[in-house]
Every structure is written in structure tokens, then in C-alpha cells.
């Protein structure tokens, strides 16, 4: 008889003092000490222009665009794989065309971007001199800078050593909604 009132009293005291608590391993409620913050990812469109100048006058422009999330990188490639005979009956392949790789970050002072652009093509017959085989022309620009939204900026430029031509790589960054 004496045991039942003691057990009942102990149970009442336990319930009044906050009840029986689960161990942390069994707690299914979210942690209150460090709330999870969902990182917002912004998307951007990058418009690239490859401008070709001769004697200071723009004679050609090629346009390329890519969509890119902040913190990611992306690449555009267009061209042809050309077989080149390295030894009798042995071929290797060269990529001829345009390749643009870009990485974009977000910072309080702007949008840091890193760009690699490689453009190659075959020289025109009047540009290859006495060569009997096709001549491959290449330009490469690797650059890092801080872009501003909506403002076109020249990432890099190169002079063609065999002519009076100059090539410019320009980028404009637009935030997507």
C-alpha cells in the first residue's frame, strides 16, 4: 500500500517539474542554437562581343551569351575538330573555333569575373605567305576584373602582329529575375 502513494507522488513531482525529457539523439525538433540560413543564388546573363578593328575602324563583331549563377562557371564552345596528320597515317585533332569560359562571383563592390577566351581560325590565302598547308591563327585572352551591372567593359584586347587588326573582348553582365 505504501508503495503506490510514493510512486504516484514521484510521478506527480516529475510532471510538475517539466516532465520527462527526451535525450538529444531522439529530439526531432530543429536545433535552436544555429538556425539554417538559405543562401540566395542570383542568376546572370553575360553577353560577350568579340570586336575586330582595322586601322581603328570596327569591321566585324561576333556575339556570344551565357547564363550563369553566382559562384559558378560556364563555357561556350563552337567550332570544328580538324584532323592533322602528325606522322604517316597518324592523326591528331585540333579544336578550331571559339571557346569562352567564365566564372562569376558576387561581392559588395561588384561582380568579380574570370574569363578565358580562345579563338582560332584558318588564315586567308593572302595571309599565309608561302605555306602550302593551311595556317591556323589563334588569339587567347585570360583576364580577371570586377564587372558592374549593365555596363559594357573591355576584358582584354590583342593586336594581330601580321596585320593592322586589333581584337577586343567585351562583356556586359545583366542580372536575371
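In this note's numbering, the protein residues as written are 250 to 426.
Every residue, glycine too, gets a C-beta built ideally from N, C-alpha and C.
Taking the DSSP output, what are the residues bridged to residue 387?
369
Give the single residue among 424, 331, 409 whose Cα lies nearest to the Cα of residue 303.
409
Roughly how many angstroms separate the alpha carbons of residue 384 and residue 369, rounded to a whole number?
10 Å
Determine the extent of the beta strand (DSSP E) in which residue 300 is found, giving its start and end residues.
292 to 303
Taking all protein chains shown into account, do 16 or more other C-beta atoms lie within 10 angstroms of the C-beta of residue 349, making it buried, or fewer, making it exposed?
buried
Which one of 318, 418, 309, 305 has the shortest CA to CA distance from residue 391?
418
Take residue 322 and list the residues in its own chain whose beta-carbon comes closer than 7 Å to its own, dropping the five residues that flank it on each side.
350, 351, 352
Look up residue 425 in the DSSP assignment and say whether it is helix, strand or coil.
coil
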